[in-house]
Amino acid sequence: MYHNILVAVDSTQLSQQAFQKALSIAQAFSANLQIMNVVSPLIAEYQDTTALAFGDSLYPDTLDNLTQQELVNAQEIGMNLLRSLQKQAEQIGIKAEITQQMGQPEQEITNFAKDWQADLIVIGSHGRKGFGELLFGSVSNYVSHHVTCSVLLVHQEAEAETTVEESDK
């Protein structure tokens, strides 16, 4: 039923849960798995707001260097994550490819899914509704409304309650 499964990941626990779901489905259908990470240009937007608040002349070279370094760091963290997840997939016999894109996550995921002809996208959803979704937007909501393939939204699993017993000293 599914041949090309795209899973969008970042460094959150929710993303790890989405990845595990994608692995299970890929294994069940012997599907191709594409693991995707998107580095967002929010760092550049942060610089723009800093310039607005404090003026352009506030150490522009320092701000540019900081922005570039943070962007490079985000790319490195994303690639390390992708390689780690690819290795996990291959350890259980799933051939996985990785890709990292730069841009707005919702648009990059949607465009890549269309170009790659994904028939399933697995993505985490924080479950924001109402004002929270309006204020922060929702990558999963955008993706689910702009692709023609199936989309599996993975919601945060409730953490199990644990009981800690005190030991006698």
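For the sequence shown, the positions run 1 to 169 when full-length UniProt numbering is used. Glycine included, each C-beta is placed from N, C-alpha and C at the ideal position.
As assigned by DSSP and simplified to three states, the class of residue i
{"i": "alanine 74", "result": "helix"}
{"i": "serine 125", "result": "strand"}
{"i": "residue 171", "result": "Nothing in the structure corresponds to residue 171, since the chain is present only between 1 and 169."}
{"i": "serine 11", "result": "coil"}
{"i": "valine 38", "result": "strand"}
{"i": "glutamate 157", "result": "coil"}
{"i": "serine 150", "result": "strand"}
{"i": "glutamine 101", "result": "strand"}
Same chain only: Cβ atoms within 8 Å of residue i, ignoring 5 sequence neighbours per side
{"i": "alanine 113", "result": "Leu6, Ile121, Val143, Val147 and Cys149"}
{"i": "histidine 3", "result": "Phe29, Ala31, Asn32 and Asp119"}
{"i": "lysine 95", "result": "Asn32, Leu33 and Ala89"}
Distance cut-off 6 Å: residue i Cβ against heavy atoms of the ligand NAP
{"i": "glutamine 86", "result": "The ligand content of the structure shown is nil, which means the ligand NAP is not present either."}
Cutoff 6 Å; reference residue i; Cβ partners in own chain excluding five residues on either side
{"i": "serine 15", "result": "Val9 and Gly124"}
{"i": "isoleucine 98", "result": "Ile35, Leu82 and Gln86"}
{"i": "leucine 153", "result": "Ser125 and Ser140"}
{"i": "alanine 74", "result": "Val39"}
{"i": "lysine 21", "result": "Val122 and Val154"}
Buried/exposed call for residue i, threshold 16 Cβ in 10 Å
{"i": "serine 11", "result": "exposed"}
{"i": "serine 138", "result": "buried"}
{"i": "glutamate 76", "result": "exposed"}
{"i": "asparagine 37", "result": "buried"}
{"i": "glutamate 108", "result": "buried"}
Beta-carbon contacts of residue i that lie in its chain and below 7 Å, excluding the five residues immediately before and after
{"i": "alanine 26", "result": "Ile5, Leu33 and Ile94"}
Can you find at least 3 beta carbon pairs, one from the stretch 34-41 and one from the stretch 101-108, that sit closer than 8 Å?
yes
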